[in-house]
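Residue numbers (UniProt numbering): 1 to 278. Idealized CB from N, CA, C, for every residue including glycine. Only a predicted model underlies this, so the values are computations on that prediction, with no experimental measurement involved. Report on the structure given below.
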Amino acid sequence: MRIATWNVNSIRARVGRVVDWMVREDIDVLAMQEIKCKPPQFPAQAFEDAGYELAVHGLSQWNGVAFASRLEMTDVATGFPGMPGFLKGQEGPGLPLEARALGVTVEDLRLWSLYVPNGRSLDDPHFAYKLDWLERLRAHARNELARDPHLALALMGDWNVAPFERDMGDPSFVPGKATHISEPERAAFRAFEAEGIFDVVRPLAPEGYTFWDYKQLRFPRNEGMRIDFILGSPAFADLVTAASIHRNERKGDAPSDHVPVVVELALEGEDDDRPMIF
1 MRIATWNVNS IRARVGRVVD WMVREDIDVL AMQEIKCKPP QFPAQAFEDA GYELAVHGLS
61 QWNGVAFASR LEMTDVATGF PGMPGFLKGQ EGPGLPLEAR ALGVTVEDLR LWSLYVPNGR
121 SLDDPHFAYK LDWLERLRAH ARNELARDPH LALALMGDWN VAPFERDMGD PSFVPGKATH
181 ISEPERAAFR AFEAEGIFDV VRPLAPEGYT FWDYKQLRFP RNEGMRIDFI LGSPAFADLV
241 TAASIHRNER KGDAPSDHVP VVVELALEGE DDDRPMIF
């Protein structure tokens, strides 16, 4: 099974690229972020024609997460328990929940498509929201694994954190002044390891950025950052046989500013009798 995550930066603008890539790369399940549309606006027909079913969670022209899968998806959840909300200028409980998390179960795998808040700036309320969001996500993952230590859990998406120095190549992100590279954010990312949830891509694909800003020739200069990850529980990690970052998807006409990250899983009883779509 081939599973991928991709911040598509508006699915309506890039549906052709996304579906073509999925078919070409034989992707079984794709977690998408920043779809920027409500479910009725999602370009479903192109995916369905290619043999994929959909789970979509979007509330406006911002944010939004989705799954496309060749296999049946069950236990669909729009948001995780305890997920905080956000409304600029407001504090406290009961704030609106954004479309940033979507969970599905596929073949006994519990998969989440996640679009972690950006943070905006170190002194912005959105930064505190980001840290709280990550902590609540970690608590949810901890609870899930406490209930079932053998759960094959994957947290996939745009984490908006560059965990290590080698993950940041954009000179506009200045230490001490910029988000994505601050110690609180990096500590929040590392904290998932304490729950037994690890980056399953880096051991197999140790180098490579996943995002390049559209401005200042960032991509031609390779001034990018690695902020898109697939974190997995031990049961999920044990299934991973290969991983890759598809840098070439940043090239060509109207690309997303992110590229896909892919893992290949060896599932018991898996065969190659699936119908191919051409």
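Beta carbon of residue i nearer than 9 Å to that of residue j
i           : j           : result
residue 139 : residue 82  : yes
residue 11  : residue 43  : yes
residue 145 : residue 233 : yes
residue 223 : residue 260 : no
residue 116 : residue 74  : no
residue 162 : residue 168 : yes
residue 339 : residue 106 : Because the chain in this structure spans residues 1 to 278, residue 339 falls outside the shown range and cannot be described.
residue 65  : residue 35  : yes
C-alpha gap between residue i and residue j, whole angstroms
i           : j           : result
residue 208 : residue 23  : 23 Å
residue 37  : residue 63  : 8 Å
residue 226 : residue 256 : 15 Å
residue 263 : residue 108 : 16 Å
residue 67  : residue 231 : 17 Å
residue 165 : residue 173 : 11 Å
residue 6   : residue 216 : 23 Å
residue 53  : residue 88  : 35 Å
residue 272 : residue 28  : Any answer about residue 272 is weak, because its pLDDT of 49 lies below 50 and its placement is not dependable; what the coordinates show is given next. Using only the alpha carbons, I get a separation of about 12 Å.
residue 32  : residue 148 : 26 Å
residue 151 : residue 134 : 20 Å
residue 8   : residue 16  : 11 Å
residue 30  : residue 214 : 24 Å
residue 190 : residue 21  : 31 Å
Spatially closest choice to residue i from the options, by CA coordinates
i           : options           : result
residue 71  : 218, 173, 135, 48 : 48
residue 265 : 243, 247, 248     : 243
residue 211 : 241, 28, 249      : 249
residue 202 : 179, 229, 213     : 229
residue 253 : 13, 109, 1, 7     : 13
residue 267 : 238, 258, 95      : 238
residue 97  : 84, 55, 9, 191    : 84
residue 185 : 130, 215, 18      : 130
residue 126 : 69, 205, 179, 93  : 179
residue 198 : 141, 247, 147     : 141
residue 220 : 30, 247, 149, 235 : 247
residue 240 : 187, 158, 154     : 154
residue 102 : 123, 78, 86       : 78
residue 122 : 175, 26, 56, 55   : 175
Neighbour flag for residue i against chain B, beta carbons, 9 Å
i           : result
residue 158 : Annotation note: the requested chain B is absent from the structure, which comprises a single protein chain.
Contained alpha helix (DSSP H) runs [length at least 4] in the region 123-176, N- to C-terminal order = 125-147
Length at least 4, wholly inside the region 190-251: the alpha helix (DSSP H) runs in chain order = Inside the region 190-251, DSSP marks whole alpha helix (DSSP H) runs of 4 or more residues at positions 234-237, from first to last along the chain.
Where are the beta strand (DSSP E) runs, 3 residues long or more, that stay fully inside the region 52-79, in chain order?
-> 53-57, 65-69, 74-78
Entirely enclosed beta strand (DSSP E) segments - the region 75-106, minimum 3 residues | Taking only runs of at least 3 residues, the beta strand (DSSP E) segments lying wholly in the region 75-106 are 101-106.
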